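Engineer: Would you mind keeping the following structure in view while I ask a few things?
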Amino acid sequence: MTAPLARLDQLSATSALGVTLPDSGECVFGPCQGQRLAPIPVSVDAEGQIHLAVE
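Taking our numbering, the leading residue of the sequence shown gets 393, the next gets one more, and so forth.
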């Protein structure tokens, strides 16, 4: 199995050969095809850094 070329509208996990759509978390290529990533809450600070959100 060969992973497709990287695109700006997809996330690619080269070690797992999976390609995921960032808006939905849907895996569209690879062994995870048809599954979804679990969402996690994040926050973005004033400098643009991304942090896990504290519940």
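Glycine included, each C-beta is placed from N, C-alpha and C at the ideal position.
All figures in this text were calculated on a predicted structure; none of them were measured in a lab.
Among the residues of its own chain, which have a CB less than 8 Å from the CB of Val-420, if the five just before and after it don't count?
Structural biologist: Counted from its first residue, the sequence shown places residue 420 at position 28. The answer, listed in chain order, is Gln-402, Val-411, Thr-412, Leu-413.
Engineer: Does DSSP put Val-436 in a helix, a strand or coil?
Structural biologist: Here the question's residue 436 lines up with position 44 in the sequence shown. Val-436 falls in the strand class under three-state DSSP.
Engineer: Which whole-angstrom value is the C-beta distance of Val-434 and Leu-444, which I expect to be below 8 Å?
Structural biologist: Within the sequence shown, residue 434 is the residue found at index 42, counting from 1. Within the sequence shown, residue 444 is the residue found at index 52, counting from 1. Contact flag correct, Cβ pair sits at about 6 Å.
Engineer: For my contact list, Gly-417 and Leu-409 are in at a C-beta cut-off of 8 Å; report their separation, rounded to the angstrom.
Structural biologist: As a working note, residue 417 is residue 25 in the sequence shown. As a working note, residue 409 is residue 17 in the sequence shown. Not quite, the Cβ-Cβ distance comes to about 17 Å (not below 8 Å), so this is no contact.
Engineer: Grouping DSSP H, G and I as helix and E and B as strand, with all else coil, what is Gly-417?
Structural biologist: Taking the sequence shown and counting its residues from 1, the one referred to as residue 417 is at position 25. Three-state result, Gly-417: coil.
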